[in-house]
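Data block below; observations after.
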Amino acid sequence: MDFTKYKEEVKKLNGMLDTQEGIIDYLGTREDLHKKIEELKKKNSSNTFRIMVMGAFSSGKSSMVNAFLGENILPTKALPATAIITVIRYSQNKSITIYPRKGRWKGGDSPFNIELKDLKKYCLINHKESQNVKVGDTIDTPFEKIVVTWPLDILKDGVEVIDSPGLNDPTSHDQVTKEYIPSADAIIYCMSALHCYTKIDKETLEDLNNRGFEMPVFVVTYYDMLMENADGDEEEIREFKQVMTRNLEPHSRLFEKEYVKQLGHNSLHMVSNLQALRAKQNNDMEELRNSGFRDLERYLEVYLAELKGLEKTQAVKKAMRAVNKEAIQTIKESLNTVDMPLEEFEDRIRAVRQKMANAKSQAELLTKNFDLELDNLVVEMRPVMSSFAKSASGQLDVWKNEYECSVDTNIFKLKQTAQAITDEFSSFINRKIENYSIDWSKTVFVPKLNEKLKEVGKKIEKQAMNLDNNITQIKVGLNFQKQEAKLSSGTSKTAAVVYALFTGDWMTALVGGVLGGQAMARTLTCQFAVGFALGIASLFTPVGLGAFIIGGIVAMFAGVGWTIAKIKDTVCNKVIKEYRSQLTGAQKEKEITENMERQLNKELNKLKAGMREAAFGDIRQIENQVEATLDEKKDIEFKVEEKKQFLNRYQRILEEIDKV
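For what it's worth, my numbering labels the leading residue of the sequence shown as 1162, then goes sequentially.
Here it is as structure tokens:
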């Protein structure tokens, strides 16, 4: 494959990024833009080209990847799989590596290899092994991603295919997929022929277009079922393709004539994944052509040869334009500063500093009240936390009835048999308690917590919005423009935090960069629940339980008439009795509640820190800008014309980059 054009484009963009970086360094006050440029340079220079396979739940994504591989490797959604990203890379050797989430996998944090035949064990729900467990309506997994290496030609030259969890999947979070999108360079979007271009498809494609992905490739799966439903009516099939083309044309430039001519086909492909997989396994080229898959493979080969990286560079360019827009605005403000007489400028600075002092007082009062409200929230949540022990205790007999003994028993070795049953049953109950605590946290505790957080939001809303308005006014004063300034339509971090508390819509607030990426959303859902579960389970894992029970059982075995069933029943009853005492004793209930309270305070402290950062973050940024601008103003009083020439020249350069 010839990637000369792509490499030339990367080199040209790197040059423009270096120019942008130099100009932003000269401005000196935009560290945020400097970081964005660094991220863009890293993305642009990467030798890896990632093609992300996306689509709604049950759209045939994994089946399509299996057809590419020629083996039924990845589990399909006919089975209850979990939300794990799968990355497929080139290698002459076939391998599968599992990457655990830090601190979540019982086998440690290091990646480990597995046999191909064992992959489904790590992707599917597995309560017995306690590795992928269904909690409420979602699945919790200790694994971050799976990396598959495969001798597939299309993966050569640094190409990776990422199989993502289905959007709108009832058992996984769309966020797993959406968080991975920024690292992708191109998109293959799958849709089932039985339900094409649904609302979720349309919204997702619009979002991808807004992110800079202008050339997604579309694959309609289950083409064989479409043919069957149409009874082979070619006119009906042709009409279906025409409708789909009209719907999808606005979402991909690959429908444009120049690209259709260059690639030999438009962006829409109709395939039968299972037929293609069967054809590859049987080395039947005619069946592979009939499945529509051979045309898709040829299309992607030409796409990678001719257009590799075009999606990648388009996304980089779009981000560069956004950086340019902010940098040019900063230059214009600097030019206004240069033109303003020093005395007038210092008067404006004094006025801003006075407003800043007021804003600091407001921020201090806001964060103090916020902390008090969260402290009160903990007290209000105590009855909910104290209900857990009794609730879990009520499940012990249910779990006992679910237990299936798999111990190799021997009536002549009573002590060893009792020991083995005790160990297995205790581990079984521990897993049940851990899973139950996750489920209880998600279905009982977290919803109640969210209600309380919304109440906190309502109480502090007015204070936070007043602070937000004052910060906006201060930012207007910092523009140093002689004409009347207009208020920004954006909101500060503080306002976004309050929005999240008030509505419970954490993800919308986090899009604005509040509280550092996705941390808060995860804390209040899966991670929060799992943290509770581990803390709770650690409280009543009885030390020496085996020896305690076995001592009593051995004493009872002095007589005769024991059967394996009786031994099992006796062991289970004693284990359940001990666990019940660990759950329902007054002191133990108190310990469990106090442990929950510590865990809750730990997470709420993150929220307190987030609010403080949000309230004071804008203020610190303005203070830095004021000091830097004042120093700059004094330094350039004797170099006004030189400074203006630099700024005007840099503005022209950025505008030229925009044109390119």
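For every residue, glycine included, the Cβ atom is placed at its ideal position computed from N, Cα and C.
Computed from a prediction, not measured in an experiment: that's the story for all the values here.
Run through DSSP, which three-state label would residue i get?
i: His1430; result: strand
i: Asn1734; result: helix
i: Glu1612; result: helix
i: Gly1678; result: Reliability of the predicted coordinates at Gly1678 is poor, the pLDDT of 34 falling under 50, and the value obtained from them is presented with this limitation in mind. Gly1678: coil per DSSP, three-state reduction.
i: Asp1270; result: coil
i: Glu1375; result: coil
i: Cys1357; result: coil
i: Lys1317; result: coil
i: Pro1326; result: coil
i: Thr1578; result: helix
i: Glu1276; result: coil
i: Pro1343; result: helix
i: Thr1724; result: coil
i: Lys1529; result: helix
i: Tyr1384; result: helix
i: Val1704; result: In this prediction, Val1704 has a pLDDT of 39, which is less than 50 and means its spatial position is unreliable; what the coordinates show is noted afterwards. Of the three classes helix, strand and coil, the one that applies to Val1704 here is coil, per DSSP.
i: Thr1491; result: helix
i: Lys1729; result: helix
i: Thr1664; result: A caution first: Thr1664 carries a pLDDT of 48, below 50, which makes its placement in the model unreliable, though a value can still be read off. Here Thr1664 sits in helix by DSSP.
i: Thr1302; result: coil
i: Asp1179; result: helix
In chain order, what residues of the same chain have a beta carbon less than 6 Å from the beta carbon of residue i, not counting five sequence neighbours either side?
i: Ala1480; result: Leu1201
i: Ser1224; result: Thr1237 and Asn1434
i: Arg1455; result: Leu1449
i: Asn1233; result: Asn1227
i: Ala1776; result: Ala1524, Leu1527, Thr1528 and Thr1655
i: Gln1253; result: Pro1312
i: Gly1825; result: Absent from the structure is residue 1825, since the part of the chain shown begins at 1162 and ends at 1821.
i: Thr1310; result: Arg1250, Ser1252 and Ser1256
Please list, in chain order, all residues of the same chain as residue i whose beta carbon is under 8 Å from its beta carbon, the five residues on each side excluded.
i: Glu1276; result: Ile1257
i: Thr1745; result: Ala1550, Lys1551 and Ser1554
i: Glu1534; result: Val1617, Lys1620 and Ile1621
i: Gln1442; result: Gly1231 and Glu1232
i: Ala1520; result: Leu1628, Asn1631, Ile1632, Ile1635 and Ile1780
Relative to the C-alpha of residue i, which candidate in the options has its C-alpha closest?
i: Phe1589; options: Thr1724, Trp1560 and Arg1211; result: Trp1560
i: Ile1410; options: Asn1443, Lys1363 and Leu1435; result: For clarity, residue 1410 is Glu in the given sequence; the question names Ile instead. When each option's Cα is compared against that of Glu1410, the closest is Lys1363.
i: Val1787; options: Met1405, Arg1511 and Glu1367; result: Arg1511
i: Leu1272; options: Lys1306, Lys1282, Leu1628 and Arg1592; result: Looking at the sequence itself, residue 1272 is Pro, so the reference to Leu does not match. Among Lys1306, Lys1282, Leu1628 and Arg1592, the Cα nearest to that of Pro1272 belongs to Lys1306.
i: Leu1461; options: Leu1496, Ala1747 and Glu1321; result: Glu1321
i: Lys1197; options: Glu1487, Ala1354, Val1248 and Lys1360; result: Glu1487
i: Val1226; options: Ile1184, Lys1473, Leu1313 and Thr1406; result: Leu1313
i: Asp1629; options: Thr1724, Ala1747, Glu1541 and Asp1779; result: Asp1779
i: Lys1729; options: Glu1192, Asn1208, Met1517 and Thr1570; result: Thr1570
i: Val1513; options: Asn1530, Gln1580, Asn1631 and Asn1427; result: Asn1631
i: Leu1355; options: Ser1219, Pro1326, Lys1203 and Asn1611; result: Ser1219
i: Met1215; options: Tyr1341, Phe1229, Val1308 and Glu1182; result: Tyr1341
i: Glu1376; options: Arg1262, Asp1392, Thr1604 and Glu1467; result: Strictly speaking, residue 1376 in this sequence is Met, with Glu absent from that position. The candidate whose alpha carbon is nearest that of Met1376 is Glu1467.
i: Asp1324; options: Glu1192, Thr1338, Pro1544 and Ala1625; result: Thr1338
i: Asp1318; options: Ala1726, Lys1282, Cys1566 and Ser1207; result: Ser1207
i: Arg1191; options: Lys1820, Arg1810, Ile1783 and Ala1747; result: Ile1783
i: Leu1610; options: Val1309, Asn1519, Gln1743 and Gln1760; result: Gln1760
i: Pro1343; options: Thr1578, Val1568, Lys1360 and Lys1203; result: Lys1203
i: Val1380; options: His1426, Asp1346, Met1757 and Glu1397; result: His1426
i: Phe1229; options: Arg1439, Ile1582, Ala1625 and Ser1547; result: Arg1439
i: Ile1492; options: Lys1168, Leu1815 and Lys1820; result: Leu1815
i: Ile1753; options: Ile1594, Ala1770, Glu1182 and Lys1168; result: Ile1594
Using a Cβ-based criterion (distance less than 8 Å to any ligand heavy atom), does residue i qualify as near the ligand SAH?
i: Glu1565; result: Absence of the ligand SAH is noted for the structure shown, with no ligands found whatsoever.
Looking only at its chain, what residues have a beta carbon closer than 7 Å to the beta carbon of residue i, apart from the 5 residues adjacent to it on each side?
i: Phe1586; result: Tyr1564, Val1732, Cys1733 and Val1736
i: Asn1205; result: Val1171, Leu1174, Asn1175, Leu1178 and Val1477
i: Lys1613; result: Leu1538, Glu1541 and Met1542
i: His1833; result: With the chain covering only 1162 through 1821, there is no way to say anything about residue 1833.
i: Ile1259; result: Pro1272, Phe1273, Ile1275, Tyr1283, Phe1304 and Ile1307
i: Tyr1420; result: Arg1414
i: Leu1457; result: Val1380, His1430 and Val1432
How close, in whole Å, do the beta carbons of residue i and residue j come, if the pair is a contact with beta carbons under 8 Å?
i: Ile1245; j: Thr1180; result: In fact, because the Cβ distance is near 41 Å, the residues do not count as touching under 8 Å.
i: Arg1265; j: Leu1557; result: With a Cβ gap of about 26 Å, Arg1265 and Leu1557 do not count as contacting.
i: Gly1221; j: Ser1353; result: 6 Å
i: Asn1274; j: Ile1818; result: Their Cβ separation, rounded to whole angstroms, is 46 Å, which puts Asn1274 and Ile1818 out of contact at 8 Å.
i: Leu1194; j: Ile1249; result: Contact flag wrong, Cβ pair sits at about 35 Å.
i: Ile1398; j: Met1386; result: The pair is not a contact, with the Cβ atoms about 12 Å apart (cut-off 8 Å).
Taking Cβ positions only, does residue i come closer than 9 Å to chain D?
i: Thr1528; result: In summary, chain D is missing from the structure at hand, where a single protein chain is found.
Taking the runs of the alpha helix (DSSP H) that are 4 residues or longer, which of them lie wholly in the segment 1393-1472? Taken in chain order, the complete alpha helix (DSSP H) segments of 4 residues or longer contained in the segment 1393-1472 are 1395-1409, 1418-1424, 1434-1442, 1446-1451 and 1454-1468.
Which ranges does the beta strand (DSSP E) cover as unbroken runs of at least 3 residues, wholly within the segment 1189-1252, from first to last along the chain? For secondary structure counted as the beta strand (DSSP E) over 3 or more consecutive residues, the segment 1189-1252 holds these complete runs in sequence order: 1210-1216 and 1246-1251.
Those runs of the alpha helix (DSSP H) which lie wholly inside the segment 1542-1573 and span at least 4 residues: Runs found: 1557-1563.
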